[in-house]
Amino acid sequence: MRRLVAWSVLAAALSACQSGPVLFVDLRTDYVPGREVDAAELVLTGAGSTTRARLVRVPLEAGDDLARGVRLAELGDLSPGAYDLEVGLYDAASARVAERALRVELGESAQVITVVLRRAPATRCASDAECASVIGCVEGTCVEGGCFSLPRDARCAPGAYCDAERGCLAAPADGGARDDAGARDDAGTFAIEDAGLDAGLGGGRLAIVATIYSEETSDGGLVCATAADGAALAAGYWDLGGYSTCVDGLPRCVGGSRKVLLASNRMPDGSVKYHTACVLLDQPRGADLVATLYGETRAGAEVCLTAADAPAAAAGYWDLGGYGECGSGRPACARGARRIILGITTQPDGSVKYHHACALVDRAATTRFVATAYNEVSPSGTPSCFTRASGPNPFGLWDLGTYAFCDGAGAPQCRDGARRVITAMALLSGGVIRHHVACVLDGQDRGSDFVATIYASESVGGPSCATSADPAAAAAGYWDLGSYARCELSRPVCAGGAERLVTAATALADGSVKRHEVCVLP
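Numbering (my numbering), first residue to last: 14 to 535.
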């Protein structure tokens, strides 16, 4: 079994036989070798260069103790200076499961770098108790200030294995239990995490890595589709590397990514449609929103508008450079941008309205949320608009300056360089339509971190709220990176400097409204 080797021994041995400094790269991770990951790839380039200085691919085998650490590479005869190092983990289908990019400053002597890759890379901890898992067969361990979730097959019945997200599962017949779907240690090794290529730019970044479609049919059935399905792929759903899957008809995010429900809507036939994103947190490269688009389905006909259309531009739709387009009457994204559905609602006349965004998902610059607002429009057309300046409000509206305001028509707008994005819509009883709006600054060197998700509802019986502290909500995919979300008097609250952002809202037949929110560090 490969082990981490003491730095003092290595330095002494190497000083006598190498003509230049040597870089040793070790890996620690809680992914299971031979089941979840089959190989690690290391790419080393000179800082700011596009030419690869080294490319190493290492097989990972069942029995390798990745939690304690393994040696990936010994890179010799390098010149002192700055290097960009990227390490990725791949499954048997060569899909990337996780990755980490960081900057290495190499001196005259040998150096050991330990790259830590976690299922939940931003889950901080000071003790093992803070990493306890709701999955019985998973052992939570605090490693280098962050949680490892270690599946322990021995905790399952004979013939079963432990899946870190679903618990004990029956092993397949072929025995291959495969799911398709800055501290110094005692050896003196440096363990570097969250010190990526853009370290010092002011915070982690949110990288959207997949989108998923799901539905609750009118008869209680479940439908789920990812980019692995040809029809969903053709409709614009996407995945950057095996991050999305469907389990028992429900959307799941894997490969270290976390689920965020972005849009939901009750259809005229009583079914409810959901649009979900899988996100990786604290990434060196993130997602930029670069355009918004409007779509509508009316009596089977498709309507599409971009910022190139005067009515859409007047309504606040925008495009930073030809990223949004209409293909066959439907919203689409061009120039490498990816489509994300942010809002959907059925109108009183039965038509369905969509609000889309186009995002570039692998950029050093990111989109930053700077304010929230909402308005309601009655069937008579009478609007009511609320921003943080309007005073107390039920949705915890906030503003980092004076970015959000209500125009003369009672619609939320953004100024000072910020752009408007409709994040959620709901058709309320009496035909009232509610819009949740955010103001965003695009192309920033600091982005917004999602740190928790919350479920909330409004009903005749009163409000209700659930966070990941509730086992049922945690099992459904709600999460919290550090006590950012809580419920007070059955209403959602974000703490620790985080602010609330409503991402999805659905009005049900009984008049209740379900909401899905994130706590965001802006």
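Built from N, CA and C at the ideal position, the CB exists for glycine as well.
Limits of the beta strand (DSSP E) - the one that residue i falls within
i, result
"G243", "It is not in any beta strand (DSSP E) - G243 instead sits in the alpha helix (DSSP H) that spans G243 to A247."
"A520", "E512 to A520"
"T154", "V151 to V156"
"T127", "Q124 to L130"
"P344", "R343 to C346"
"R265", "L263 to C266"
"Y336", "Where Y336 is concerned, there is no enclosing beta strand (DSSP E), given that its DSSP letter is neither H nor E."
"S277", "R271 to R279"
"T359", "R351 to T359"
"Y491", "Y491 -> no beta strand (DSSP E), and no H or E assigned at all."
"P425", "P425 to C427"
Of the residues the options, the one placed nearest residue i, counting alpha carbons only
i, options, result
"V515", "T436, G394, A384 and P264", "T436"
"A350", "C371, W331, S364 and L333", "C371"
"R528", "L494, A439 and E512", "A439"
"A522", "V156, A123, D104 and P281", "P281"
"Y416", "L275, A518, R433 and C155", "R433"
"E112", "T230, S503 and P297", "P297"
"D412", "G510, L115 and T379", "G510"
"I148", "A489, F418 and F463", "A489"
"G269", "P171, S257, D51 and Y497", "S257"
"D462", "R271, A173 and G283", "R271"
"P93", "L253, R459, A123 and L102", "A123"
"T127", "L98, A145, A139 and C138", "L98"
"V35", "A145, G421 and L57", "L57"
"C259", "V38, F161, S162 and H288", "H288"
"S146", "R179, A431, V129 and V125", "R179"
"F399", "S391, L410 and C317", "L410"
"G255", "T154, S140 and R109", "R109"
Distance CB(residue i)-CB(residue j) smaller than 8 Å
i, j, result
"P361", "G233", "no"
"C175", "V151", "yes"
"V69", "L85", "yes"
"L306", "Y330", "yes"
"A247", "V374", "no"
"E49", "G101", "no"
"E530", "I467", "yes"
"S231", "G283", "yes"
"T359", "A300", "no"
"C478", "S503", "yes"
"D310", "C339", "Asp is not the amino acid found at residue 310; the sequence shown has Thr there. No, the pair does not count as a contact, with Cβ atoms beyond the cut-off."
"V292", "V273", "yes"
"V222", "L253", "yes"
"V464", "L494", "yes"
"A60", "A114", "no"
Helix, strand or coil at residue i according to DSSP, with G and I counted as helix
i, result
"R168", "helix"
"A465", "strand"
"G308", "strand"
"E87", "strand"
"E49", "coil"
"S525", "coil"
"E143", "helix"
"R459", "coil"
"G577", "One cannot answer for residue 577 here, as it falls past the ends of the chain, which runs 14 to 535."
"S403", "helix"
"R504", "strand"
"T224", "strand"
"T385", "strand"
"V260", "strand"
"Q296", "strand"
"D192", "In this predicted model, D192 has a pLDDT of only 34, less than 50, meaning its place in the structure is not dependable; the value taken from the coordinates is given anyway. Of the three classes helix, strand and coil, the one that applies to D192 here is coil, per DSSP."
"A60", "coil"
Cα-Cα separation between residue i and residue j, rounded to whole angstroms
i, j, result
"W251", "T239", "7 Å"
"G195", "G158", "Because G195 carries a pLDDT of 30, less than 50, the predicted location of this residue cannot be relied on, and the following value inherits that uncertainty. If you take the alpha carbons of G195 and G158, they lie about 9 Å apart."
"P344", "V453", "21 Å"
"A177", "R132", "9 Å"
"T519", "Y226", "16 Å"
"A241", "S397", "43 Å"
"T385", "R401", "8 Å"
"H368", "I446", "14 Å"
"V526", "A378", "35 Å"
"A52", "Y103", "5 Å"
"G541", "C237", "The shown model of the chain, from 14 to 535, leaves out residue 541, and the question about it has no answer."
"E229", "I357", "15 Å"
"L534", "P171", "44 Å"
"A183", "S470", "36 Å"
"G76", "G47", "8 Å"
"D295", "A431", "23 Å"
"G423", "N278", "24 Å"
"L210", "R376", "Confidence is the limiting factor: at L210 the pLDDT is only 25, short of 50, which leaves the residue's position unreliable and the question unanswerable from this model."
Segment limits, alpha helix (DSSP H) that includes residue i
i, result
"A326", "A323 to A327"
"A486", "P484 to A488"
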